[in-house]
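To start, the structure under review is shown below, and the notes come after it.
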Amino acid sequence: GVSPEELKGSRRTRTIAQPRQIAMYLMREETDASLPQIGAELGGRDHTTVLYGYERVRARLEQDDQFKREVMLLKSQLYGDT
Numbered sequence: 405g406v407s408p409e410e411l412k413g414s415r416r417t418r419t420i421a422q423p424r425q426i427a428m429y430l431m432r433e434e435t436d437a438s439l440p441q442i443g444a445e446l447g448g449r450d451h452t453t454v455l456y457g458y459e460r461v462r463a464r465l466e467q468d469d470q471f472k473r474e475v476m477l478l479k480s481q482l483y484g485d486t
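For the sequence shown, my numbering gives the first residue as 405, with consecutive numbering after it.
So, in structure tokens, the structure goes:
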């Protein structure tokens, strides 16, 4: 897994960037937080970065069934059965 510190950090390797984008997506879908608020929580990122990450995850969910199962499993672990 990726630690909260890594999600908030500046590293942009795929092993950190993808979980960070999933976090952006879930924060947008599961909370009332604005894009700037999500960016602030994830290390002071710009709202356009959050929007980009959200859209990348949303598009991939529509195209990649394995990725969709992984995100659904993560949601289940975070929020209980959904």
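C-beta: ideal position from N, C-alpha, C; glycine also.
Should residue i and residue j be called a contact, given that it needs their Cβ atoms to be closer than 8 angstroms?
{"i": "residue 442", "j": "residue 431", "result": "yes"}
{"i": "residue 411", "j": "residue 446", "result": "yes"}
When you compare only the Cα positions, how much space is there between residue i and residue j?
{"i": "residue 439", "j": "residue 451", "result": "5 angstroms"}
{"i": "residue 414", "j": "residue 484", "result": "30 angstroms"}
{"i": "residue 425", "j": "residue 453", "result": "9 angstroms"}
{"i": "residue 409", "j": "residue 435", "result": "21 angstroms"}
Compare the C-alpha of residue i against each of the options and name the closest.
{"i": "residue 407", "options": "470, 417, 423", "result": "423"}
inquiry  = Three or more C-beta pairs under 8 angstroms: does that hold for the segment 449–464 against the segment 422–437?
reply    = When C-beta atoms of the segment 449–464 are compared with those of the segment 422–437, three or more pairs fall below 8 angstroms, so the two segments count as touching.
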